[in-house]
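J.:
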Amino acid sequence: MCKGGDGVLCFSGVSVDYGAGEDAVHALANTSLCVERGTVLALIGASGCGKSTLLRVGAGLIRPTAGTVTSEGDPIDPRMLRIGFLPQNYGLLAWKTVHENILLGVQIKGEWNTQRMNTFDEIVSDLGLRELLDRYPRELSGGQQQRVGLARVFLLAPDLLLMDEPFSALDAITRESMQEVFLSLWKKYGVTTILVTHYVEEALTLAGRIAVMTGTPGRVTEIIDNPFAGDLAHRSSPEFFAMGQRLRAKIAGGGV
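Here full-length UniProt numbering is used: the first residue of the sequence shown is 1, the next is one more, and so on.
1) So what's residue 15 in DSSP terms, helix, strand or just coil?
2) Does the Cβ-Cβ distance between residue 50 and residue 28 come in under 9 Å?
3) Three or more C-beta pairs closer than 8 Å, one from the stretch 183-195 and one from the stretch 24-43: is that the case here?
4) Could you give the DSSP three-state label for residue 228: helix, strand or coil?
5) Starting from the N-terminal side, write out each stretch of the beta strand (DSSP E) that is 3 residues or longer and does not extend beyond the stretch 101-174.
6) Examine the Cβ distances between the stretch 146-154 and the stretch 174-188 and report whether three or more of them are shorter than 8 Å.
7) Rounded C-beta distance between residue 214 and residue 251? I'm assuming under 8 Å.
8) So what does DSSP say about residue 219, is it helix, strand or coil?
9) Can you tell me which of the three DSSP states residue 8 falls into?
10) For residue 71, which of helix, strand or coil comes out of DSSP?
11) Where do the N-terminal and C-terminal ends of the alpha helix (DSSP H) with residue 262 fall, by residue?
12) Between residue 46 and residue 24, what straight-line distance do the alpha-carbon atoms span, to the nearest angstrom?
13) Is DSSP giving residue 178 helix, strand or coil here?
14) Determine, using beta-carbon pairs with one atom in the stretch 57-71 and one in the stretch 221-239, whether at least three such pairs fall under 8 Å.
15) What does residue 193 pair with, by DSSP beta-bridge criteria?
16) Whose C-beta lies closer than 6 Å to the C-beta of residue 256 among residues of the same chain, with five residues either side of it excluded?
17) For residue 247 and residue 80, what's the separation of their Cα atoms in angstroms?
18) Could you give the first and the last residue of the continuous alpha helix (DSSP H) run that contains residue 61?
19) Taking residue 34 as the reference, which of 139, 72 and 238 has the closest Cα?
20) Using three-state DSSP, classify residue 32 as helix, strand or coil.
21) With 16 as the cutoff for other CB atoms within 10 Å, does residue 184 come out buried or exposed?
22) What is the DSSP secondary structure of residue 48, counted as helix, strand or coil?
23) Can you find a C-beta in chain B that's less than 9 Å from the C-beta of residue 80?
24) Using only alpha-carbon positions, find the residue among 155, 11 and 143 that is nearest to residue 90.
25) Please classify residue 232 as buried or exposed, where buried requires at least 16 neighbouring CB atoms within 10 angstroms.
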């Protein structure tokens, strides 16, 4: 399923086991997948099929038991490949203001400069955060916290953005609104993205390619090209609904 291993992030034959011997838990088995530069790829599947585990392998947070992870043909090095990671809880620090949370990544990297200041102003304006900069996370709604998380990762200008069910805690209306916010940022900055989701409609709305994961241990069983990505007008179309039904059937049937 990898095309020559020259993507921004490529997994080849990746397996992940937790523990050893009879007590070992097999999370991933012989999983191969590539994400190409400037695209959004969604990992979708039932709970427990290894979506988040695969994402964390890509982030360098979990070492695979077998297989390789490469970037454009070379072994991945998180110190060289700039990775933005957005977890389910947005990763905001409760004791820091919105302003401080957004700047945290670039300050850690020592990259707060005039160019970043200009980008900061653009992103804050794009996300409607100007009036919230002095607030703390506890004073924000879920959608507002999500905007802060997105602002922080996009300010980093990552080579690769990894998002682990970032909209799952939001109500349906707010979730759809945040999907639109993400799309507007992605179209502006073109960040290569891998998105973990269990919402079929979310995958169809955001991702140009959808990787179906099934089984325990988990594996990628099919990769689907998605013609509806980025076009919000299709969300209410019969074709969109029909493809969603086909995706659900593939997930339930093991991707076949």
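Backbone N, C-alpha and C fix where the C-beta goes; we use that ideal spot for every residue, glycine too. The structure displayed is predicted, hence computed values, not measured ones.
T.: So, from the data block:
1) Counting from 1 along the sequence shown, the entry for residue 15 is found at position 15. Three-state DSSP puts residue 15 in a strand.
2) To locate residue 50, count along the sequence shown from 1; it is residue 50. To locate residue 28, count along the sequence shown from 1; it is residue 28. Against a cut-off of 9 Å, the Cβ pair of residue 28 and residue 50 comes out as a contact.
3) yes
4) Numbered from 1 along the sequence shown, position 228 holds the residue referred to as residue 228. DSSP places residue 228 in coil when its eight states are reduced to three.
5) 160-164
6) yes
7) The residue labelled residue 214 in the question sits at position 214 within the sequence shown. The residue labelled residue 251 in the question sits at position 251 within the sequence shown. 7 Å between Cβ atoms; contact.
8) Walking along the sequence shown from the start, residue 219 turns up at place 219. Strand at residue 219.
9) Working through the sequence shown from its first residue, we reach residue 8 at position 8. Of the three classes helix, strand and coil, the one that applies to residue 8 here is coil, per DSSP.
10) As a working note, residue 71 is residue 71 in the sequence shown. Residue 71 falls in the strand class under three-state DSSP.
11) Because residue 262 is not part of the residues shown, which for the chain are 1 to 256, the question remains open.
12) Counting from 1 along the sequence shown, the entry for residue 46 is found at position 46. Counting from 1 along the sequence shown, the entry for residue 24 is found at position 24. So the two alpha carbons sit approximately 21 Å from each other.
13) Stepping through the sequence shown from its first residue, residue 178 is reached at position 178. In the structure shown, residue 178 sits in a helix (DSSP, three-state: H, G or I).
14) no
15) Taking the first residue of the sequence shown as 1, we reach residue 193 at position 193. Note: residue 193 sits in a beta bridge opposite 40 and 161.
16) Looking up residue 256 in the sequence shown gives position 256. Note that residue 256 has pLDDT 46, beneath the 50 cutoff, so the model's placement of it is unreliable and no number is given.
17) As a position in the sequence shown, residue 247 is number 247, starting the count at 1. As a position in the sequence shown, residue 80 is number 80, starting the count at 1. Distance between the alpha carbons of residue 247 and residue 80: 36 Å.
18) Locating residue 61 in the sequence shown gives position 61, counting from the first residue. Run containing residue 61: none; DSSP gives neither H nor E here.
19) On the sequence shown, position 34 is the one that residue 34 refers to. Closest by alpha carbon: 72.
20) For this step, residue 32 is matched to residue 32 along the sequence shown. Residue 32: strand per DSSP, three-state reduction.
21) To locate residue 184, count along the sequence shown from 1; it is residue 184. Exposed, since its Cβ has fewer than 16 Cβ neighbours within 10 Å.
22) Residue 48 sits at position 48 when you count from the first residue of the sequence shown. Of the three classes helix, strand and coil, the one that applies to residue 48 here is coil, per DSSP.
23) You won't find chain B in this structure, because it holds only one protein chain.
24) In the sequence shown, the residue the question calls residue 90 occupies position 90. For the residues 155, 11 and 143, the minimum Cα distance to residue 90 belongs to 143.
25) Counting from 1 along the sequence shown, the entry for residue 232 is found at position 232. Exposed, since its Cβ has fewer than 16 Cβ neighbours within 10 Å.
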